Structures are given as C-alpha cells and as structure tokens.
Amino acid sequence: MASGLRRVWGMTSLFTVLLSKRFAGRQSATRRDSGQSLIETAFTIPFLLLIALNAINFGYFFFTAINVAAAPRDAVEYSVQGFQTPGQLTLPAAGPACSSDPTRSSVSTLTYDDVTGVLSNSSGSTACPNIALVRVCTSSGTSGTSGGGASQATNCTQFGTAPPGAPSLGATAPADPEAPNFLLNQVDIVYQVKPLIPGRFFGITLLPTFTFHRQVSMRQLN
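The sequence shown begins at 267 in our numbering and counts up one residue at a time.
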C-alpha cells in the first residue's frame, strides 16, 4: 500500500515538473517574441514618421504651388482688362504695393492679396511678406514703355523682397512680335517655399526649402 502511494506520488511529482518546464518554456518564448516585437517597432517608427510628415509637407507644397501659380495669371489679366467699364477704361497701375497702397487697387497689391494666407511669412493683408518678390511689367501708371517701333516694350517694377536664390528679373519685358500695336504685360512672383514641418526638429530627411518662380504674360492692345 505504502509502495503504491509512493509510486503514485512519484508519478505526480514527475508530471508536475514536466508541466512546470513546459509552462516555463512557453513564458520564455512569449518574452522572446515580445522583445522581438519591441525591436521591430523601434526600427519601424522612424520610417512611418518620415512617411507621415512628408505627406503633410507634400500636401502643403501642392496647396502653395496652386495659389502661387494662380496669382500672377489673375494679376496680369487684371493689368490688361482693368476693373471699370470699357467706356471709362482706366488700367490699374503696377504699384505701390501692400500697405503703401491705401486703395488696394494696384496690380502688385492684388497679387499679394491672392496669396495672403498661403505665404508662411505673411504678417497680414496690409504687409508684403519678406519672402516673396513680385515684378509687374505694364505700360499703365508710372511704368510706361521703353524703345520704339518693333522694340517697344513695357517697363517693369519690382515689389517686396527677393528671397534667397531668386532669379535675376529684368527691368523690361520682351517686345511683342507685333509691337508697337501690341505690348506684353508680365507679372512674376518669386516665393521661397518652406516646409510646414522642418526636418531639423526630428533629425530626418524632409522636403528642403527652395525657391518657386512663376511668370505669366498677356498681350495688351496699345
């Protein structure tokens, strides 16, 4: 009887030891899997962060590009057509710009107004942002024309501050192929695009700062 009990007790103890080892092995494997998952997550986070931040910056870039591209097109059309009826047609002047233009009716002022809000350095609708340059070439106002005959062209006036890396813009627009019957009006805008989220704060590669230049020309009957 006693030997039978000892035999049963021994088998029970052996089963308990085997079961404990099995559970210990499972716990060890679980810990290894958890550690591996943490390492994989640590390696994955920078790439996911890079994708998310660049997605925001690319969206901001395209939003900026659309606004900056549309502003000179609307401005040069305004410089040719004006804002009054044909019977009292007075073409708008190139400047002055921004806070120096109390009537808010010059070509340069309306160009800045079109992009106010999208320019990250804009301090309000009355101040020209210091990272955007606008050049207006028109025969109206104080700009006038230069040359004569086939070489007659509109004079250009620049407003605002040229951002770093801005191209050199001439003082005169090209002559129209049918000058002096037609003149070319031009509006340029040069804007320094800065990423919405700079990469230097995170130590990862994001969109760099670069200069965006858009020019639009339209013919004017002289």
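Ideal placement from N, C-alpha and C gives every residue a C-beta, glycine not left out. Note that the structure is predicted; figures quoted are calculated from it, not measured.
### Among Pro461, Leu487, Asn488 and Met484, the one whose alpha carbon lies nearest that of threonine 475
Pro461
#### Entry: leucine 376: first and last residue of the uninterrupted beta strand (DSSP E) it sits in
For leucine 376, there is no enclosing beta strand (DSSP E); the residue is found in the alpha helix (DSSP H) stretching over 373 to 381.
### Query
So what does DSSP say about phenylalanine 478, is it helix, strand or coil?
strand
### Message
With DSSP as the reference, identify every bridge partner of asparagine 451, one or two as the case may be.
### Response
In the DSSP assignment, the residues bridged to asparagine 451 are Met484.
### Message
Let's test the definition: count the other Cβ atoms within 10 Å of the Cβ of alanine 416 and tell me whether it reaches 16, buried, or not, exposed.
### Response
exposed
### Query
Between the beta-carbon of valine 381 and the beta-carbon of proline 358, is there less than 8 Å?
In this structure, valine 381 lies away from proline 358, with their beta-carbon atoms at least 8 Å apart.
### Task
Give the DSSP-derived three-state secondary structure of arginine 370 in the structure shown.
The three-state reading of DSSP puts arginine 370 in coil, since its state is none of H, G, I, E or B.
### Task
Enumerate in chain order the residues of its own chain whose CB-to-CB distance from asparagine 447 is below 8 Å, with the five nearest sequence positions on each side excluded.
Contacts found: Leu487 and Asn488.
#### Entry: Straight-line gap, glycine 426 to alanine 308 (C-alpha atoms, nearest Å)
47 Å
### Proximity winner among Val346, Thr477 and Tyr378, relative to proline 429 (alpha-carbon distances)
Thr477
#### Entry: Start-to-end residues for the beta strand (DSSP E) that takes in cysteine 403
Counting along the chain, the beta strand (DSSP E) containing cysteine 403 begins and ends at 398 to 403.
### Message
Tell me which residues share the same chain as cysteine 394 and place their Cβ nearer than 7 Å to its Cβ, disregarding the 5 neighbours each side in the sequence.
### Response
Annotation for cysteine 394: Ala363, Cys364, Tyr378, Phe425 and Gly426 place their beta carbon closer than 7 Å to its own, counting only its chain and skipping 5 residues before and after.
### Query
Contact check, leucine 450 vs threonine 411 under 8 Å by CB: the rounded distance?
The Cβ separation is near 11 Å, so there is no contact.
### Task
Consult DSSP for threonine 330 and reduce its assignment to one of helix, strand or coil.
helix
### Task
Quick one: give me the first and last residue of the beta strand (DSSP E) that threonine 438 is part of.
Note, threonine 438: premise wrong, no beta strand (DSSP E); not H, not E.
### Task
Just grab the DSSP bridge partners of cysteine 422 for me.
For cysteine 422, the pairing in a beta bridge is given by DSSP as Cys403.
### Task
Could you work out which residue in Ile463, Gln481 and Met484 is closest to asparagine 323 when comparing CA atoms only?
Residue nearest to asparagine 323 within the set Ile463, Gln481 and Met484 is Ile463 (criterion: CA-CA distance).
### Query
What's the gap between the Cα of alanine 482 and the Cα of valine 342?
Here residue 482 is valine; the residue named in the question, alanine, does not match the sequence. About 7 Å.
### Query
How many angstroms separate the CA atom of alanine 441 from the CA atom of valine 402?
Distance between the alpha carbons of alanine 441 and valine 402 is about 15 Å.
### Query
Applying the criterion that 16 or more other CB atoms from any shown protein chain within 10 Å of the CB defines a buried residue, is glycine 361 buried or exposed?
buried
### As assigned by DSSP and simplified to three states, the class of threonine 310
Looking at threonine 310 - three-state DSSP - the assignment turns out to be helix.
### Query
So what's serine 417 in DSSP terms, helix, strand or just coil?
helix
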